[in-house]
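J.:
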């Protein structure tokens, strides 16, 4: 089961578990609610993410769109290597779009 938690000390949203198609809708709802509730910019931390598939990239793009609508910036950190590989495979520059830092 995937879940996310808000860490009050650094205002980061931690994604936990597998970011695969069967889990994406639930993760999207919870994480978008956290982004919306947060005042100002936020950081999404992927350090505890397990498996990923192409739906994880779509999920990140949803987060970017939401943040843009709310005049916020979202930074993604600790992207899984498999996620970066999928982005490269589909021609998306993960470093340019997701501000990845390991």
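Numbering (the UniProt record's numbering), first residue to last: 1 to 102. No residue lacks a Cβ here, since even glycine has one placed at the ideal position from N, Cα and C.
1. When the Cα atoms are used, what is the spatial distance from residue 46 to residue 71?
2. Give the secondary structure of residue 3 by DSSP, where H, G and I count as helix, E and B as strand, and everything else as coil.
3. Using C-beta distances below 8 Å, list every residue in its chain close to residue 40, excluding the 5 sequence neighbours before and after it, in chain order.
4. Contact defined as beta carbons within less than 8 Å: I believe residue 124 pairs with residue 82. What is the distance between those atoms, to the nearest angstrom?
5. Would residue 49 and residue 92 be called neighbours here (beta carbons separated by less than 7 Å)?
6. Could you spell out the range, first to last residue, of the alpha helix (DSSP H) harbouring residue 54?
T.: Here's the rundown:
1. By one-based count along the chain shown, residue 46 stands at place 46. By one-based count along the chain shown, residue 71 stands at place 71. If you take the alpha carbons of residue 46 and residue 71, they lie about 22 Å apart.
2. As a working mapping, residue 3 is identified with position 3 in the chain shown. At residue 3, the pLDDT of 46 sits below 50, so the modelled position is not reliable; the number obtained from the coordinates is stated separately. The answer is strand: DSSP assigns residue 3 an E or B state.
3. The residue labelled residue 40 in the question sits at position 40 within the chain shown. Same-chain partners within the cutoff: 11, 72.
4. The structure shown does not extend to residue 124, since the chain spans only 1 to 102, so no value can be given for it.
5. For the purposes of this step, residue 49 is taken as the residue at position 49 of the chain shown. For the purposes of this step, residue 92 is taken as the residue at position 92 of the chain shown. Cβ atoms of residue 49 and residue 92: not closer than 7 Å.
6. Mapped onto the chain shown, residue 54 falls at position 54. Segment: none, residue 54 is in no alpha helix (DSSP H) and carries neither H nor E.
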